[in-house]
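Colleague: Just so it is clear: in the sequence shown, position 182 is 649 by the working numbering, and no numbers are missing.
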Amino acid sequence: MTTVLIADDQALVRAGFREIVGSAADLAVVGEAATGAEAVQLARGLRPDVVVMDIRMPEMDGLEATRRITGSPATADVRVLILTTFDLDEYVFAALRGGASGFLLKDTPSADLLTAIRTVAAGDALLAPGVTRRLIAEFAARPSRAASPAGLPAAITGREREVLTLVAEGLSNAEIGERLHITTGTAKTHVSRLMLKLAARDRVQLVILAYRAGLAG
Numbered sequence: 468m469t470t471v472l473i474a475d476d477q478a479l480v481r482a483g484f485r486e487i488v489g490s491a492a493d494l495a496v497v498g499e500a501a502t503g504a505e506a507v508q509l510a511r512g513l514r515p516d517v518v519v520m521d522i523r524m525p526e527m528d529g530l531e532a533t534r535r536i537t538g539s540p541a542t543a544d545v546r547v548l549i550l551t552t553f554d555l556d557e558y559v560f561a562a563l564r565g566g567a568s569g570f571l572l573k574d575t576p577s578a579d580l581l582t583a584i585r586t587v588a589a590g591d592a593l594l595a596p597g598v599t600r601r602l603i604a605e606f607a608a609r610p611s612r613a614a615s616p617a618g619l620p621a622a623i624t625g626r627e628r629e630v631l632t633l634v635a636e637g638l639s640n641a642e643i644g645e646r647l648h649i650t651t652g653t654a655k656t657h658v659s660r661l662m663l664k665l666a667a668r669d670r671v672q673l674v675i676l677a678y679r680a681g682l683a684g
């Protein structure tokens, strides 16, 4: 059972998400937070698998809450799924730096919300082609974050470089396997090794590293 904490300052939004998540047999809402500070406190006490986190909340916003949750050893395994909109790019860049594993639009369909929660809970990252990848590309290319392309460690093999490039394109393990004519399991192994070698938390960070290394863009 995947446990979920919902953090949003609007009671109606929380109720809607609770109903949607509750409709899935494999998901369960274990708590609700109306502020970022409350989200941090509940994350520490409940240790949910995923926090569905709004950005604009009183006392402490979702960005700071995300940083505190992902940056604390006590909640390092808790994944954060940020709620965002197209016109909040700056917030998304900050969320990436803060350790968020995925992004959703406020008006996302119910089925997509459930899929996103499962994806993030599985240790993957939600890379919606029309939203997240565009934002990551812009974030990674910013001079303030990386003045010039950063090289990859010598330990990265040629095949792993190919896989990293395809991860940056937003391809799933199955799609990577099909493209490279390898099994899905082998593709997953390559991705896992890349995360280990590059000290990446998830696929979001792999994409950022790929852009910084000049493998995508």
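For every residue, glycine included, the Cβ atom is placed at its ideal position computed from N, Cα and C.
(1) Can you tell me whether P596 is buried or exposed, with buried defined as 16 or more other CB within 10 angstroms of its CB?
(2) Using a 10 Å radius around the Cβ and a threshold of 16 neighbouring Cβ atoms, would you call T624 buried or exposed?
(3) Identify whether L663 lies in helix, strand or coil by the three-state DSSP scheme.
(4) Which value, in whole angstroms, describes the spacing of the CA atoms of R523 and L647?
(5) Across the segment 477 to 493 and the segment 534 to 547, are there enough close Cβ pairs to call them in contact, namely three or more that are closer than 8 Å?
(6) Could you pull out every residue in the same chain whose Cβ sits closer than 7 Å to the Cβ of A510, ignoring the five residues on either side in sequence?
(7) What whole-angstrom Cβ distance do T632 and A677 have, given they're in contact under 8 Å?
(8) Give me the DSSP bridge partner(s) of I549.
(9) Suppose you measure from the CA of A666 to the CA of P515; what does that come to, to the nearest Å?
(10) Could you give the DSSP three-state label for L682: helix, strand or coil?
Modeller: Result, derived from the coordinates:
(1) Below a pLDDT of 50, predicted positions are generally treated as unreliable, and P596, at 48, falls in that range; the measurement from the model is reported next regardless. Answer is exposed; the Cβ neighbour count stays below 16.
(2) exposed
(3) helix
(4) 42 Å
(5) no
(6) L472, V518, I536, T542, V545
(7) 6 Å
(8) M520, F570
(9) 23 Å
(10) coil
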